[in-house]
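Okay, structure first, notes after.
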Amino acid sequence: MSSLILPAVLNGLTMGAVYALIALGLTLIYGVLHIINFAHGSLLMLGLYAAYFLFSYLGIDPYLAIIFVVPAFFVLGYLLQRVVIAPMSAGSEQNVLLVTLALSLVIDNLALFFWTSNTRTVDIPYAWDTVEVLGAYLTKGRVIAFFAALLVAGLMWLFMTRTRTGSAIRAVAIEKRGAEIVGIDVNHTYALTFGIGTACVALAACLLLPTFYATPQVGYTFVLVAFTTVVMGGMGSLPGALVAGLALGVIEALGGLFLGESLGQIGIFVAFILTLLFRPAGLLGRKPT
Amino acid sequence: MLEITGIHAGYGQMAVLRGIDMRIGPGEIVALLGSNGVGKTTLNNVISGFIVPSAGEVRFDGERLTGRRPREIVAMGIAQVPEGRKVFPNLTVAENLELGAFRRAGARKRQNFDRICAIFPRLSERLEQLAGTLSGGEQQMLAIGRGLMSEPRLLILDEPSLGLSPLLVEEMFALVTRINAEGVAVLLVEQNVMQSLGVAGRAYVLEQGQLVMQGTAAEMLADPKLRQAYLGL
Ligand SMILES: Nc1ncnc2c1ncn2[C@@H]1O[C@H](COP(=O)(O)OP(=O)(O)OP(=O)(O)O)[C@@H](O)[C@H]1O
Ligand SMILES: [Mg+2]
């Protein structure tokens, strides 16, 4: 049995890094715009299809597709916030919830209508190669996703803490009026943040596709875990999302090992409930002041 | 330099400012006095572009400010140190200062940063501290320092002495003189009448949305009405 634990943990980490990446976008949007983006899963689904179509029509490898899909989704996210979400919600936070929920329903159903519910996969054999890590055999595609997600989390951290725009985003997140007083364009900053969050989810999609699949409902699989990750990490905390995402990946893998594959996610929700009981502000969240 | 003519402004149906005419010349310190709720902050926010007046206009060096966005007004050289400071609590002192140069004077960020550290030694000792953990007085200093980072030509200070200990209040007024000596015009909104008139060249008194008195600081100090209404003498 113990020989199975290490591979399960490592596998869990690879999946957890993707959860973290998805949650990173979600928690960033929450932390800055103070909205829960219900369309996040739908955007992931769109990202998977974007990578899928680039592969099936143009033969572009999903890893290469990153350089097209991620910037395109950044622009998509920017425009969604600027053109759809902000004007339609008229500044009220309850409205924003409804708008993002509506967006997700519209996107999911359009996807179902145009692309049917068929499961789409790409055939990239090398992604299924195995790599030996500490004596465990892992899928190459997952290992790539793990390192790419960690790299992006690190870059995002640098961006947020070391750049002028990053400081402006953090400033807008907590002191909007002060930000306007120094001349920051708040609406632009909101849209930028939404764009970055959407770019994260698009990157996750490109990293997932080689070892996963696309269906119109695929977002739900991830979005529930992503919400759990965000809450568990502490709403709005980027390091929290990373830690919680990795932890949930491992918990899911161990749950799968001990309870059987299909019950793996039970572990996630048990961990979630325990976090809420003992650390309601999340692992790295600040207590509300 | 700043010309305010016939400003009417309010919130919804409620009129707060009812015909304000005011001017600030280059290099002046002008005090705007008045008790609570008369519309001082409202006037500041009209100047800074947060409130669009229902009538009248504000001009800065002849250019119309009315209808411009706050960030455009910052770029033109008007910085506001708002009521309640509005510093970024989750950012360090250094980051707060740097964001002061977000829209203007970005090229001289380094020099201005050093200059402001020299003016506020207390801040320069705490550059890596989160602004939210500063004392109220330190936050006020930070808000002023952040305003100065944009090299404003006009600095609007909204009740800078509020909540400061008497010693710090002294220091604050000395600071206003010092900033002004570097050529920055200052609009000083205050309830601290005596000390404001001590540093200001001219002053206006706002009452219920209208300017009821104006003149040089010396004239105001000698005015029996003002002495009675605001100093209880
Ligand atoms: N956002 C707002 N919505 C509605 N009314 C407001 C708003 N802001 C201010 N007021 C009202 O406008 C009037 C003037 O307020 P303002 O803040 O300009 O006063 P002030 O002179 O700055 O007072 P203080 O010295 O207490 O800061 C007050 O009666 C206030 O209640
Ligand atoms: Mg006020």
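Protein chains in written order, with full-length UniProt numbering: chain A, 1 to 289; chain B, 1 to 233. Backbone N, C-alpha and C define an ideal beta-carbon position, used for all residues, glycine too. Every value quoted in this text rests on a predicted model; they were computed, and no experiment measured them.
- With distances taken between CA atoms, LEU134 (chain A) lies nearest to A:VAL143 out of A:TRP128, A:VAL143, A:ALA127, A:TYR126.
- For GLN191 (chain B), the nearest beta carbon of chain A is not closer than 9 angstroms to its own beta carbon.
- Within the segment 95-109 of chain B, those residues whose Cβ lies closer than 9 angstroms to any Cβ of chain A are, in chain order, GLU95, ASN96, GLU98, LEU99, GLY100, ALA101, PHE102, ARG103, ARG104, GLY106.
- The beta-carbon of ALA168 (chain A) is placed less than 9 angstroms from the nearest beta-carbon of chain B.
- Relative to the non-hydrogen atoms of ligand 2, the Cβ of LYS40 (chain B) comes within a distance shorter than 8 angstroms of at least one.
- Its Cα nearest to that of LEU24 (chain A), the residue A:TRP157 stands out among A:ALA72, A:ILE251, A:HIS188, A:TRP157.
- By the C-beta density criterion, SER54 (chain B) is exposed, having fewer than 16 other C-beta atoms within 10 angstroms.
- At a C-beta separation below 9 angstroms, ILE174 (chain A) has these neighbours in chain B: PHE88, PRO89, ASN90, LEU91, GLY132.
- Within 8 angstroms of the C-beta of ASP158 (chain B) there is at least one heavy atom belonging to ligand 2.
- When DSSP states are grouped into helix, strand and coil, GLY19 (chain B) belongs to the strand group.
- The beta carbon of GLY264 (chain A) is closer than 6 angstroms to those of GLU252, GLY255, GLY256 in its chain, skipping five residues each way along the sequence.
- ARG202 (chain B): member of the beta strand (DSSP E) spanning 202-207, first to last residue.
- What ALA185 (chain B) touches in chain A, judged by beta-carbon distance under 8 angstroms, is nothing: the nearest beta carbon there is about 18 angstroms away.
- Counting along the chain, the unbroken alpha helix (DSSP H) around ALA226 (chain A) starts and ends at 218-233.
- With 16 or more neighbouring CB atoms inside 10 Å of its own CB, ILE4 (chain B) falls in the buried class.
- Rounded to the nearest angstrom, the gap between the Cα atoms of ARG85 (chain B) and ILE174 (chain A) is 13 angstroms.
- In the DSSP assignment, ILE85 (chain A) falls outside any alpha helix (DSSP H) and carries neither an H nor an E.
- The nearest non-hydrogen atom of ligand 2 is 8 angstroms or more from the C-beta of VAL143 (chain A).
- Among the CB atoms of chain A, none fall inside 9 angstroms of the CB of VAL212 (chain B).
- Of B:GLY25, B:ALA31, B:THR66, the smallest CA-CA separation from ASN45 (chain B) is found for B:THR66.
- For ASP185 (chain A), the three-state secondary structure derived from DSSP is coil.
- Against chain A, a Cβ distance below 9 angstroms from ARG68 (chain B) picks out nothing, because the smallest value is about 12 angstroms.
- Around the beta-carbon of LEU207 (chain A), 16 or more other beta-carbon atoms lie within 10 Å, marking it buried.
- When the five nearest sequence neighbours on each side are left out, the beta carbons in the same chain lying within less than 7 angstroms of the beta carbon of LEU138 (chain A) are those of LEU10, ASN11, THR14, THR130, VAL131, in order along the chain.
- Sorting A:PRO71, A:PHE38, A:VAL230 by C-alpha distance to the C-alpha of ALA51 (chain A) places A:PRO71 at the top.
- Rounded to the nearest angstrom, the gap between the Cα atoms of THR211 (chain A) and TYR126 (chain A) is 10 angstroms.
- Ligand 1 never approaches SER104 (chain A) closely enough for any of its heavy atoms to be under 8 angstroms from the residue's Cβ.
- Below the 9 angstroms Cβ cutoff, chain B contributes PHE88, ASN90, LEU91, GLU95, ASN96, LEU99, PHE102 as neighbours of ALA171 (chain A), in chain order.
- GLY249 (chain A) is classed as buried because its beta carbon has at least 16 other beta carbons within 10 Å across all chains shown.
- Using a Cβ distance threshold of 9 angstroms, HIS34 (chain A) and ILE22 (chain A) do not count as a contacting pair.
- Fully enclosed beta strand (DSSP E) runs of no fewer than 3 residues are not present anywhere in the segment 79-110 of chain B.
- Interface criterion not met: the Cβ of SER54 (chain B) is under 9 angstroms from no Cβ in chain A.
- Here GLY163 (chain B) has GLY136 as same chain residues with Cβ atoms under 6 angstroms from its own Cβ, once five neighbours each way along the sequence are excluded.
- Chain-ordered, the chain A residues with CB closer than 8 angstroms to the CB of ALA75 (chain B) read GLY183.
- In the DSSP annotation of this structure, the continuous segment of the beta strand (DSSP E) that includes TYR137 (chain A) starts and ends at 136-139.
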